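These notes concern the structure reproduced below.
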Amino acid sequence: MSILKTLKGASVAVAIAGASLSGVFAEDIAITGGTAFTKGGKGKVENATILVADGKITSVTAGGDVPSGYRVIDASGQWVTVGLMATGTTLGLTEVPLSGSLNDATAGSAKNTIGLDVTYAIDPSSTLIPVTRIEGITRAVTGLTNTKDYWLGQGAVIHLGNGFDLVEKQGAYIGLQISEGAASKAGGSRAALWQEIYAKLEDARPEPEADAKGDEKAEKKDGKKKKPSAEAKALKRLFDGKTSLMVTANRAADILQVIRLKKHFGFNVILNEGVEAWRVADELAKADIPVVLDALESLPQSFETLGATQTNAGRLAKAGVTIAITGKGSHNARLMPQNAGNAVSNGLSWEAAMDAMTVGPAEIFGLSDSYGTLEAGKDADIVVWDGDPIEVMTSPTAVLIKGDQIELVSRQTRLRDRYLDLTRSPQFKK
Amino acid sequence: MLAAGITGSAGAQKRELVTINKDPFPSSYTRLESVPTLITNATVLDGKGGLMEGADVLMQDGKIKRVGKNLKAPRGARTIDGTGKWVTPGIIDVHSHLGVYPSPGTQSHADGNEIGEPVTADVWVEHSNWPQDPGFVRAAAGGVTALQLLPGSANLVGGRSVTLKNVPGRVAQDMKFPGAPYGAKMACGENPKRVYGTGENNPTLHRPYTRMGNVAGYRQAFADAQAYQREWDKYERDFKAGKDVLPPKRDINLETMAGILAGDILVHMHCYRADDMGTMLDVMKEFNYQITSFQHATESYKIADKLAENNVCSAMWADWWGFKMEAYDGIRENIPFVHKAGACAIVHSDSEEGIQRLNQEAAKALADGRKVGLDISKAEAWTWLSLNPAKSLGIDKMTGTLEKGKDADVVLWDGDPFSVYTSAEVTFVDGAPVYDRTNPDFNPVMDFELGQPGEGDVE
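If you read the sequences in order, they're chains A and B.
Under the numbering used here, the first residue of the first sequence carries the number 1, and numbering increases by one thereafter.
Under the numbering used here, the first residue of the second sequence carries the number 1, and numbering increases by one thereafter.
Pasting the structure below:
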């Protein structure tokens with residue numbers, strides 16, 4: 001029985017691994033002549049030759065030769081960076097959230113909230129994906145924004161390339177919300193909220209010796225091991241260090257509680273939003289908690305965000321906190337570089353802003369082995385820009401995702417081309 | 001009472017003609033104190049399509065005194081070296097809910113939609129404006145010198161708008177732009193359907209449920225306004241003919257609708273889809289009024305020629321799209337396409353966040369237009385932020401360009417305002433700084449922010 005189960009499990013794993021190959025990368029590509037930034041905002045290489053084979057970067061050299069058989073993308077006079085990674089998105093989960101029907105980013109009446117896994121909901125045909133990727137965003141963290149309580153299930157990292165399987169990392173984090181709204185779902189007060197959170201996590205916390213005995217007992221009683229629930233599996237991964245707890249909190253006092261939570265349990269914690277994070281920047285740095293933030297927050301829009309300021313990102317980076325700049329939900333995920341630019345206007349260095357869209361998120365969400373820098377062995381997520389990527393008047397001229405050059409076309413560019421000259425009316429043509 | 005008794009005994013003395021005070025909430029705006037200010041050697045966008053390099057701008061007594069080269073500073077003037085910097089007319093946002101959906105956004109502060117019936121032309125948004133909204137200062141930090149507050153879009157007719165100077169005020173009237181005409185907010189499409197179709201917000205009247213229900217609602221409201229106006233006209237005619245007549249009962253709702261028909265109140269029409277806009281152009285012709293602007297207008301690019309022909313402005317986002325069905329066809333080239341067709345293009349925010357960086361929104365739209373071959377200069381693109389919005393609010397004689405005699409509503413930028421790295425350094429309203437990045441201690445701190453974390457930290 002148990003052998004059969006194991007085999008079954010293995011075959012499923014193989015099937016998933018197979019499906020995750022999103023295309024065939026027959027083409028070898030050389031990107032030449034541009035100014036490349038190999039590591040976020042650092043590692044500047046002039047007149048760079050970047051070679052891509054089988055979906056991977058094979059080399060980055062200054063003025064290097066192009067082997068025969070490579071298709072050349074001339075990036076002379078242009079900037080070349082790693083494809084950007086937008087965090088805090090709902091890409092693939094939503095289409096027209098307000099008045100359309102499709103919105104898999106919220107699960108208001110789902111019973112099990114920790115175990116929810118967004119990878120089951122991701123739609124690779126979402127029109128938002130081409131709209132976003134032609135702006136140079138090649139990866140995204142995507143996840144739930146609301147459930148019936150304050151646990152937000154498990155978010156994923158996806159790539160925005162071609163193919164049906166966009167999932168790069170399933171269970172990239174477990175989401176948790178600390179806010180007035182969350183407190184009201186827990187009984188009305190943060191006192192109740194934290195009590196429930198601690199109880200849930202203490203319950204799931206593995207106790208090495210007792211755990212083994214408990215398992216034996218359970219096995220004896222049932223004659224077999226109890227199957228762990230989706231929630232138990234998710235929390236086990238958290239305690240095993242395979243995923244992180246991403247906690248959305250804004251008020252400085254709440255953030256200090258998040259720091260205490262990490263100290264208590266010892267697992268990986270990411271702070272999300274963190275509008276007042278700058279007020280406790282040193283504590284966050286000391287606790288090694290990275291922050292995923294919206295760099296544009298500047299208004300006291302609630303009593304939890306009275307300290308909102310666009311200097312947040314700059315102040316956090318200065319204190320040594322690893323940051324990722326979010327891309328604002330779904331349709332505006334593509335505005336992430338503009339958000340980063342505003343952080344630069346308010347005290348973040350350009351280098352740090354580029355890091356916050358590439359190596360920062362790669363590190364925070366555990367993708368550094370395959371993505372985040374332009375170096376041999378990494379996935380070829382590469383963007384050629386007609387100027388400084390962060391500038392508002394700049395846009396990509398070429399985008400590669402896992403070595404596949406995507407067409408810079410979306411529903412929007414198709415509409416644009418249709419109406420560039422109004423003469424087509426009343427005929428509707430492609 | 002006594003007078004009535006006397007006239008009664010003396011026989012039928014003539015009553016006075018009753019006329020309606022059109023300005024019962026007059027502006028109490030007064031200029032902030034200012035010194036003459038000369039900005040020298042800057043790159044100047046005049047707001048009507050011109051760019052001058054190495055130019056000076058002189059502001060005095062709240063007005064633009066001169067724009068040119070080698071101007072002399074008057075006695076006592078503040079002189080600012082504008083080398084490497086840019087000067088533009090102040091940004092005017094025609095679509096804001098600051099003050100009526102202020103920060104903090106608590107339910108107690110949600111004063112923007114008079115939900116309950118589809119036509120609420122009787123409400124005036126200025127009566128919801130909380131001048132202590134910290135958003136006004138952030139907007140000033142983004143170069144905004146004037147703005148139109150609009151009621152929300154829950155209703156077919158949402159009520160009257162108000163145009164403000166972006167200055168600190170103790171009462172709402174302190175901010176009212178003197179001489180600005182009133183506007184009315186009307187809304188097409190999904191919102192009125194959503195708010196009323198279920199009956200949730202008006203159990204006695206489950207309409208409008210559809211777009212055709214929307215249109216029926218506007219038409220009936222205008223027809224009622226025509227009848228109301230006829231009553232008043234008859235009263236006036238009869239009075240002038242010497243008849244002993246009493247005036248009709250005032251209907252505050254129909255007063256606004258009649259004001260639209262009379263051309264006194266400018267219509268700002270929230271519509272996204274091209275077909276909705278086309279329908280509204282027909283309603284406009286049926287009742288013979290003028291739609292001043294379509295707001296949001298994500299599909300203006302599909303009918304830009306018709307909008308030019310009908311002299312209707314489009315207030316648009318640079319790139320917002322898709323959050324609802326009627327925004328699904330939003331494209332990044334909407335603004336430049338409208339501009340190219342010769343129609344009036346405006347960049348608007350409808351956002352307490354977006355209003356802080358409308359210059360960047362214009363920059364994005366400009367870049368997207370250029371990428372498909374539209375030859376538009378930065379100087380022309382600035383008309384989307386100042387002159388065109390001023391036109392649509394009926395204040396272009398007073399502000400919107402850097403021309404002698406106009407209000408000194410001016411922004412000094414620390415670089416090219418079409419760059420994300422550029423910030424407004426000083427924002428002047430009528431020649432007085434309302435925000436000064438070089439002098440943060442003098443920047444307004446709203447009452448709400450006093451003693452709170454982040455006090456005065458407006459960046």
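Positions of the beta carbon are idealized from the N, C-alpha and C atoms, including for glycine.
Quick caveat: nothing in here was measured; it's all calculated off a predicted structure.
Check: Quick check: B:Gly462 and B:Leu387, are their CB atoms within less than 7 Å of each other?; Outcome: Outside the displayed range of chain B (1 to 459) lies residue 462 of chain B, so it cannot be described from this structure.
Check: So A:Gly314 packs on A:Leu348, CB below 8 Å; how close in whole Å?; Outcome: 4 Å
Check: Taking its Cβ as the centre, do 16 or more other Cβ atoms sit within 10 Å of B:His339, making it buried, or is it exposed?; Outcome: buried
Check: Just the Cα atoms here: how many angstroms apart are B:Asn113 and B:Val162?; Outcome: 15 Å
Check: Taking B:Ser314 as part of the beta strand (DSSP E), name the residues at either end of that continuous run.; Outcome: 313-316
Check: In chain order, what residues of the same chain lie with their CB nearer than 8 Å to the CB of B:Glu236, ignoring the 5 residues before and after it?; Outcome: Leu17
Check: A:Val344 and B:Gln360: beta carbons closer than 7 Å?; Outcome: no
Check: Does any residue of chain A have a CB that is nearer than 7 Å to the CB of B:Phe294?; Outcome: no
Check: Please return the same chain residues whose Cβ sits closer than 7 Å to the Cβ of B:Ala77, not counting the five positions on each side in sequence.; Outcome: Val35, Pro36, Thr37, Leu38
Check: Taking the C-alpha atoms as reference points, what is the distance between B:Arg207 and B:Gly263?; Outcome: 28 Å
Check: So what does A:Ala324 bridge to, in DSSP terms?; Outcome: A:Val292
Check: Could you check if B:Leu205 is buried or exposed, using at least 16 other CB atoms within 10 Å of its CB as the buried criterion?; Outcome: exposed
Check: Use the C-beta contact count for B:Asp319: other C-beta atoms within 10 angstroms, 16 or more gives buried, fewer gives exposed.; Outcome: buried
Check: Which value, in whole angstroms, describes the spacing of the CA atoms of A:Ile354 and A:Ala340?; Outcome: Going by the sequence as given, residue 354 of chain A is Met instead of Ile. Their backbone Cα atoms lie some 8 Å apart in a straight line.
Check: Sorted by chain position, which residues of the same chain lie with C-beta nearer than 7 Å to A:Thr38's C-beta, five sequence neighbours on each side aside?; Outcome: Val45, Val60, Thr373, Leu374, Glu375
Check: With a threshold of 7 Å between beta carbons, is A:Leu271 in contact with chain B?; Outcome: no
Check: So, using beta-carbon positions, are B:Gly90 and B:Asn129 closer together than 7 Å?; Outcome: no
Check: Report buried or exposed for A:Gln412, applying the criterion of at least 16 other Cβ atoms within 10 angstroms of its Cβ.; Outcome: buried
Check: Is there a C-beta anywhere in chain B that falls below 7 Å from the one on A:His264?; Outcome: no
Check: Would you mind working out which of A:Lys185, A:Thr394, A:Val157 sits nearest A:Leu93, comparing C-alpha positions?; Outcome: A:Val157
Check: Just to confirm the assignment, what range does the alpha helix (DSSP H) spanning A:Ala191 have?; Outcome: 190-204
Check: By Cβ distance, which residues of its chain are closer than 6 Å to B:Ile20, with the 5 residues on each side in sequence left out?; Outcome: none
Check: For the region 321-405 of chain A, which segments carrying the beta strand (DSSP E) assignment without a break, of at least 3 residues, lie completely within its bounds, in sequence order?; Outcome: 323-329, 382-385, 396-401
Check: My guess is that B:Thr88 and B:Trp321 are in contact by the Cβ rule of under 8 Å, so how many angstroms apart are they, rounded?; Outcome: Wrong, their Cβ atoms sit about 27 Å apart, outside the cutoff.
Check: Distance check for A:Leu235 and B:Ala304, CA to CA, integer angstroms please.; Outcome: 55 Å
Check: Is DSSP giving B:Leu17 helix, strand or coil here?; Outcome: coil
Check: Would a check of beta-carbon distances place A:Ser410 closer than 7 Å to chain B?; Outcome: no
Check: With respect to the alpha helix (DSSP H) encompassing A:Arg139, which residues constitute its N-terminal and C-terminal limits?; Outcome: Not the alpha helix (DSSP H): A:Arg139 falls in the beta strand (DSSP E), residues 137-142.
Check: In the DSSP assignment, find the alpha helix (DSSP H) that holds A:Asn312 and state where it starts and stops.; Outcome: 312-318
Check: Looking at chain A, is there any beta carbon in it that lies within less than 7 Å of the beta carbon of B:Phe323?; Outcome: yes
Check: Apart from the five residues on each side of it in sequence, which residues of its chain come closer than 8 Å, Cβ to Cβ, to A:His331?; Outcome: Leu128, Val131
Check: Using a Cβ-Cβ distance cut-off of 7 Å, determine whether B:Gly364 contacts chain A.; Outcome: Looking at the sequence itself, residue 364 of chain B is Lys, so the reference to Gly does not match. Yes - at least one Cβ of chain A is within 7 Å of the one on B:Lys364.
Check: Alpha helix (DSSP H) containing B:Phe239: first to last residue?; Outcome: 211-240
Check: Can you look up B:Thr383 in the DSSP assignment and give me helix, strand or coil?; Outcome: helix
Check: Looking at the strands, I want to know which residues DSSP matches up with B:Gln60.; Outcome: B:Lys63
Check: Suppose only complete runs of 4+ residues qualify. What are the alpha helix (DSSP H) ranges in the region 33-94 of chain A, listed by chain order?; Outcome: none
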